[in-house]
Amino acid sequence: MTATVFRRSFQRHHTAREIRLRPKGYRTWIRTSMIDWSAAGASLSDPGYEIPLGLAVLAISPVDGTSDIQLSCEVIWQKEDKIGLKLLGPVSH
Numbered sequence: 003m004t005a006t007v008f009r010r011s012f013q014r015h016h017t018a019r020e021i022r023l024r025p026k027g028y029r030t031w032i033r034t035s036m037i038d039w040s041a042a043g044a045s046l047s048d049p050g051y052e053i054p055l056g057l058a059v060l061a062i063s064p065v066d067g068t069s070d071i072q073l074s075c076e077v078i079w080q081k082e083d084k085i086g087l088k089l090l091g092p093v094s095h
C-alpha cells in the first residue's frame with residue numbers, strides 16, 4: 003500500500019494580521035490573529051477558548067486605514083493552538 007501525499011490546491015501565505023471573528027448567533031466579536039491564508043481558507047491563532055464549528059463572519063483589519071474586509075466563512079476545525087476556516091465569499095446582508 004502506498005501513502006497518499008496531500009497537496010494543497012492553493013498556496014499558503016504567512017501573515018500576522020489582527021482579525022475579528024463572529025460565529026453565527028453571536029452578538030460580539032472574538033479578537034485573535036490570522037497565522038496564514040490562501041484563496042480557500044485561513045488559520046487563526048487560538049483565542050483561548052472553544053469556538054463553535056459552523057458559519058461565521060471574518061473581519062480582517064485594514065492595512066492603510068480603510069474599513070475592515072469582511073468575509074463569510076465556516077469554522078471547520080479547532081486544534082490545540084489553531085482554528086481552521088474555509089472562506090465562502092463576501093458577506094451577504
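Numbering (this note's numbering), first residue to last: 3 to 95.
By construction, the Cβ of each residue, glycine as well, lies at the ideal position given by its N, Cα and C atoms.
ask   = Helix or strand or just coil, what does DSSP make of isoleucine 85?
value = Walking along the sequence shown from the start, residue 85 turns up at place 83. Strand at isoleucine 85.
request  = Can you tell me which of the three DSSP states leucine 46 falls into?
outcome  = Working through the sequence shown from its first residue, we reach residue 46 at position 44. DSSP places leucine 46 in strand when its eight states are reduced to three.
ask   = leucine 57: beta carbon under 7 Å from a heavy atom of the ligand ATP?
value = Only the bare structure without any ligand can be found here, which leaves the ligand ATP out of the picture.
ask   = DSSP on leucine 90, reduced to helix/strand/coil?
value = Counting from 1 along the sequence shown, the entry for residue 90 is found at position 88. Three-state result, leucine 90: strand.
query = Per DSSP, what kind of secondary structure is glutamate 20 in: helix, strand or coil?
reply = Position 18 of the sequence shown holds residue 20. DSSP places glutamate 20 in strand when its eight states are reduced to three.
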